[in-house]
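4 protein chains.
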Amino acid sequence: MTLRIGVIGTGAIGEDHIRRITNTLSGAKIVAVTDVNVEQAKAVIKNQKLDAKLYESGHGLIQAKEVDVILVTSWGPTHEEFVLAAIAAGKPVFCEKPLATTAEGCARIVESEVKHGKRLVQVGFMRRYDKGYYALKDVVTAGKIGEPLIVHCAHRNPVVGDNYTTDMAITDTMIHEIDVLRWLLDDDYVSVQVVYPRKTQKASSHLRDPQIILIETAKGIRVDVEVFVNCQFGYDIQCEVVGETGIARLPEPANVLMRSEAKRSVEILTDWKKRFIESYDIELQGFIDAVNQGQPNGPSAWDGYAAAVTADACVKAQQTGEIVPVTMKQRPAFYNK
Amino acid sequence: MTLRIGVIGTGAIGEDHIRRITNTLSGAKIVAVTDVNVEQAKAVIKNQKLDAKLYESGHGLIQAKEVDVILVTSWGPTHEEFVLAAIAAGKPVFCEKPLATTAEGCARIVESEVKHGKRLVQVGFMRRYDKGYYALKDVVTAGKIGEPLIVHCAHRNPVVGDNYTTDMAITDTMIHEIDVLRWLLDDDYVSVQVVYPRKTQKASSHLRDPQIILIETAKGIRVDVEVFVNCQFGYDIQCEVVGETGIARLPEPANVLMRSEAKRSVEILTDWKKRFIESYDIELQGFIDAVNQGQPNGPSAWDGYAAAVTADACVKAQQTGEIVPVTMKQRPAFYNK
Amino acid sequence: MTLRIGVIGTGAIGEDHIRRITNTLSGAKIVAVTDVNVEQAKAVIKNQKLDAKLYESGHGLIQAKEVDVILVTSWGPTHEEFVLAAIAAGKPVFCEKPLATTAEGCARIVESEVKHGKRLVQVGFMRRYDKGYYALKDVVTAGKIGEPLIVHCAHRNPVVGDNYTTDMAITDTMIHEIDVLRWLLDDDYVSVQVVYPRKTQKASSHLRDPQIILIETAKGIRVDVEVFVNCQFGYDIQCEVVGETGIARLPEPANVLMRSEAKRSVEILTDWKKRFIESYDIELQGFIDAVNQGQPNGPSAWDGYAAAVTADACVKAQQTGEIVPVTMKQRPAFYNK
Amino acid sequence: MTLRIGVIGTGAIGEDHIRRITNTLSGAKIVAVTDVNVEQAKAVIKNQKLDAKLYESGHGLIQAKEVDVILVTSWGPTHEEFVLAAIAAGKPVFCEKPLATTAEGCARIVESEVKHGKRLVQVGFMRRYDKGYYALKDVVTAGKIGEPLIVHCAHRNPVVGDNYTTDMAITDTMIHEIDVLRWLLDDDYVSVQVVYPRKTQKASSHLRDPQIILIETAKGIRVDVEVFVNCQFGYDIQCEVVGETGIARLPEPANVLMRSEAKRSVEILTDWKKRFIESYDIELQGFIDAVNQGQPNGPSAWDGYAAAVTADACVKAQQTGEIVPVTMKQRPAFYNK
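Protein chains in written order, with my numbering: chain F, 1 to 337; chain D, 1001 to 1337; chain G, 2001 to 2337; chain Y, 3001 to 3337.
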């Protein structure tokens, strides 16, 4: 069966998903689009050569009979209402992060989905679909390093604009580690702490950069994440899991080994978009396949909620310098595997 | 437009391509299949849930109105006649290697295609679609190592069966290097020599293993290829291009770096099918897209001919111990880019 | 001139230094030895074929006319008195770590040396003489990564005995990082914190293992050190300096790259004695050469004091879970370079 | 016992060995020097602060009573006569390569030493003392890769002067591989072939560069050596042994791993003198220790002869393009281990 997808939000990420579904993936097609900027939506229909209907509003699109599945790629603050509407309509919905801009908003979605009685929502945490993380989880789950005890991470970005603020190191940047490490370790967080190293002179005057976020999990695993968004040299994602009998490290992206100019070297990506580009394909194909077989099986509304609660605690830890507890509601049995 | 593909030969590679086109790729569907083993073809239709017609013969399938494009994945000795028939029918055809079992057969296909006046044929040399080789070619073409002078290669396989013969090191194994290096270097071969190192005790009594094949190109580049099909330790493909100002090496597949049992280690694949698995997707999607835009742009009938002539020279060099010239016909202007 | 060295303490490390000075290094010879265990001292004289006088006490040896320089390799609690006696005698002294068992003891040595008016004391912190750390310091000092902001370290050991206690992770193990990082960064410490990850099941019931020690320097650099003394897999020392424009990492020891059994692997040492074995040669040759040219130039009494104060703060941080300030006396100008 | 060494030839390598023996190594001292350039010899005595007698001729120095051991570091064409004179005087002699400028000259030394009845001669092939090659030999000898079948080598140098001629690629450059591979494999050579890849534009008009030398050993092992003396990017020595069950590769020199400017990189040395600098220390200390214990145990006169015969065959192979046999005399039992 070919899934008929309606897309709310045809900005950069929206158009990219449209292109992906249309030209690269199998089993789905775009039948409806909408955007607050109607001209932009029209342009996307034209550029991507879509045979799709243009809707005036996300709510209209969600209700449309010819739309089986919703893709929410609109502005963050609008996510919650569209996801809730999709649930109300009983339609599977893939929502780019954040699921909602507040933990409370995420909790409302969780509640609504639980009430509906069946999974409909998948959140766009694409790192779980990266082959490197997947291989790392395989190694950990297979017990090849014994029980995990410590995780050392780094999330480095060459440079950010002046509008990037200290809390965005959590909500925009480390949010990916927050989700992927919960999945990798199959664990929950209990507390967080933030320490500020010496500040780089390359950062805006208002921005604390780099930062180190220290996390404790329910199992007692300690995670440290270096977030450094003006590291200059490249987009560099590191993750090393220290276990009782060994250590496993996220693979570096494969690249040509050069010998030249008195160096053995391998290029580091500078554009974050290229680092996980394959993951987006795998993520959306996985969503399409899972929906075709019954229901989504990727990052859930509960995962979106957990990320939001953890991010809130990290931001508080940034502001207070204290060790801040991560306090989540009881997980509905609905989300147990 | 969705390409309607007819598949001749539903064995392992045939079924794999059918699955790929049906579940993973975009822009094509399987509408017809045939196989000498009718029951097997029926089983594939069922297993892959195809909405496809079963044909009694490849020739019937090629003629069928609902078939736009032919995929030849039958037994090697049948390739030539089906490709010639597809050309006669004016239909694009993707043919797994070998294009034909003799250089003369390949030449007949070339002649036929040239007469037809437009490219229809693509040969299944998938290594050109490997991201590693692609990145390597990028580096070489961009002049980052200056003019290439030497290429060191290795094609290592853990173990082969007793039916693997000395000439298969060329025709089944090194045939991939023969094609991909012509493409990588944008060059042609002028002579080949084979030397036999000390034989491994792990090989069958009748098999010379390992072998080293020495190749000279028209530009004077020297290529050495170690072919070692009972190397025990893994499936290991190496390619290092030595240029005037630097050296570039084919990336190792990305994998988790482990520290355990007194070793830093990265797993080596042992199954060749996994090594280039992504390439098959990219290769076939590329074929589909190119045909949709006019004509195939991958490895051509001429490339298939060049590989066959080179392989013949290598086998003669195996048998004689001599430096054997690689003598090709004049390349029709048709195949110039 | 050949330095005439008297050795106090002929246990394992003492005998090793004696062998080194006698058979490997240039410019010194052993002329006197003493040990609480007289028979053992006699055995060393015999085994190492020394032409050396046996003294009944360290103090007698220090006073001996034929002894130019003192090497203190006796039991830790005796170091302070012998170093003080050597200073009183105006003789250069190389003292294995710890300089004294308390920060106060170290301070007394500092005071005594300052009073003497010229450097006499060198402490056996050999890591500064490791070629890897040396190369790393070169890179940092040359500004190749900009100003250092963060240092990530690990000190991993395969297994420890049941007598290894939680505080020894600081005083016996991390003490090396404490010294070498002060030297590497040319900085002082201002506070420390210890967090305990999930405990490995491989450790004794009384031992917290692994531990993470977080350090803040006067310049604001943040250091994290994972100390994991039952990591099972090997003796593994990591140090990565994150700077404003790049990152530099301590080299792994060079070793043969293997391809075997489906792995690319490099052996990790399991015996700590081999990891820095060359450093001992370089350290002692450096001491001999420097003394021959006037005075020691390696780790000073002040460095020994700084390490002791920092270790005390870390142990307090282990016990309290608090962020503990590192409070040092004012550095005498005597120790400025 | 302190060996009393007389040095014939105080040029660059001679002075370097003098400095080494005087300031770094243990168990020997320089007591006599001579050079065709008397002023230069005087300058070395002064610069290295030697307590050494200046001799007018090498022969006088060899006869001198106070001289126990001879070090020959004079101009190559004089080596043979001085080594023969040392043997005649019954004194151990360390001779820098070449042992003699012709295979016949080497054979005369071998004959003379055999007649003398005890080993006196060691040739300065220092690569055997490199820790990397030593570790590689350990792995091979321990059977960790099964029986060796193939060896892939490269000897790359950034740039050479206009006076460097095509045959020097053998006699000055690959001579090191010729010796170290015989030792590594414990094997002899039976034939050699040279092929010339496309020539780099960076080489002098008269110089064939790069070259590939193909060697067959008595056990049937095939060796290929890429010699590329204008490779621009660095001094780069590679050696990979392919065995029946695995592959072992010479370690790269340890160096700081950098992340900067969109690259992960490790510096490659550009100065060959630094690449094996430690080996010279180990080599000479080994010679001193062995002589002190009876007789030299490093590369023998026979090894010098074998290298000369092999080099001659390679030069002939360069000139003829043929596969040239390597024909050696019968090895005197004297040189069996």
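All C-beta atoms, glycine included, are put in the ideal place defined by N, C-alpha and C.
Item, Value
"Does the contact criterion of 3 or more C-beta pairs under 8 Å hold for the segment 1289-1302 of chain D versus the segment 1117-1129 of chain D?", "yes"
"My output table needs one value for Leu-3084 (chain Y): the three-state DSSP class, helix, strand or coil.", "helix"
"Enumerated in chain order, which unbroken segments of the alpha helix (DSSP H) with a length of 4 residues or greater are wholly contained in the segment 39-120 of chain F?", "58-63, 79-88, 103-116"
"Measuring CB atoms only, is the segment 1042-1055 of chain D touching the segment 1074-1089 of chain D, in the sense that at least three cross pairs come out at less than 8 Å?", "no"
"Three Cβ pairs or more, each shorter than 8 Å: is that satisfied between the segment 2160-2177 of chain G and the segment 214-223 of chain F?", "no"
"With a threshold of 16 other CB atoms inside 10 Å of the CB of Ser-57 (chain F), please say whether the residue is buried or exposed.", "exposed"
"Say whether chain Y places a C-beta atom closer than 7 Å to the C-beta of Ala-2135 (chain G).", "yes"
"In chain Y, which residues lie less than 9 Å from Glu-2252 (chain G) when you measure between Cβ atoms?", "Ala-3254, Leu-3257"
"Taking contact to mean at least 3 C-beta pairs separated by less than 8 Å, is the segment 260-280 of chain F in contact with the segment 221-237 of chain F?", "yes"
"Could you tell me whether the Cβ atoms of Val-225 (chain F) and Met-258 (chain F) are closer together than 7 Å?", "no"
"Measuring CA to CA, which of F:Ile-8, F:Tyr-164, F:Ser-26 is closest to Gln-285 (chain F)?", "F:Ser-26"
"Between Ile-2005 (chain G) and Ile-2277 (chain G), what straight-line distance do the alpha-carbon atoms span, to the nearest angstrom?", "21 Å"
"Check Cys-1153 (chain D) in the structure and name its three-state DSSP category.", "strand"
"Does Ile-3268 (chain Y) get closer than 7 Å to chain D when you measure Cβ to Cβ?", "no"
"Measure the C-alpha to C-alpha separation of Ala-1088 (chain D) and Thr-1101 (chain D) and round it to an integer number of angstroms.", "20 Å"
"In this structure, how does DSSP classify Val-2324 (chain G) when only helix, strand and coil are distinguished?", "strand"
"Pull up the DSSP beta-bridge partners for Ser-3260 (chain Y), would you.", "G:Gly-2246, Y:Lys-3263"
"For Val-3151 (chain Y) versus Asn-3230 (chain Y), is the C-beta spacing smaller than 7 Å?", "no"
"Check Tyr-1164 (chain D) in the structure and name its three-state DSSP category.", "coil"
"Measure the alpha-carbon distance for Thr-3165 (chain Y) versus Asp-3068 (chain Y) and round it to whole angstroms.", "38 Å"
"Give me the subset of the segment 3022-3035 of chain Y whose CB atoms are less than 8 Å from a CB atom of chain G, sorted by chain position.", "Thr-3022, Asn-3023, Thr-3024, Leu-3025, Ser-3026, Gly-3027"
"I'd like the list of long-range same chain contacts for Ile-1013 (chain D), defined as Cβ closer than 7 Å, with 5 residues on each side in sequence excluded.", "Thr-1073, Glu-1096"
"When you compare only the Cα positions, how much space is there between Arg-3275 (chain Y) and Pro-3253 (chain Y)?", "8 Å"
"Go ahead and label Arg-1128 (chain D) buried or exposed: buried means 16 or more other beta carbons lie within 10 angstroms of its beta carbon, across all protein chains shown.", "buried"
"If we call anything under 7 Å between Cβ atoms a contact, is Asp-2303 (chain G) one with Val-2123 (chain G)?", "yes"
"Could you spell out the range, first to last residue, of the alpha helix (DSSP H) harbouring Arg-2275 (chain G)?", "2272-2275"
"Excluding sequence positions up to five away, which residues of its chain have a Cβ less than 6 Å from the Cβ of Ile-1288 (chain D)?", "Leu-1003, Gly-1027, Ala-1028"
"Take the Cβ of Gly-3321 (chain Y) as the centre, count every other Cβ of all protein chains shown within 10 Å, and call the residue buried at 16 or more, exposed below.", "exposed"
"Would you list the residues sitting across from Gly-1006 (chain D) in a DSSP beta bridge?", "D:Ala-1032, D:Ile-1070"
"Within a Cβ cutoff of 7 Å, which residues of the same chain sit near Gly-1076 (chain D), ignoring the five residues on either side of it in sequence?", "Pro-1098, Thr-1101"
"DSSP puts Leu-214 (chain F) in a beta bridge; with which residues?", "F:Gln-193, F:Asp-224"
"Could you tell me the alpha carbon to alpha carbon distance between Met-3126 (chain Y) and Lys-3273 (chain Y), rounded to whole angstroms?", "12 Å"
"If you count every other CB in all the chains shown that lies within 10 Å of the CB of Pro-1251 (chain D), and 16 or more means buried, which is it?", "buried"
"Within its chain, find whatever has a CB closer than 6 Å to the CB of Ala-3103 (chain Y); leave out the 5 residues flanking it on each side and keep chain order.", "Ala-3308, Val-3309, Asp-3312"
"Would you report the Cα separation of Gln-3040 (chain Y) and Ile-3018 (chain Y), rounded to the nearest angstrom?", "13 Å"
"Could you spell out where the alpha helix (DSSP H) holding Ala-3135 (chain Y) opens and where it closes?", "3131-3141"
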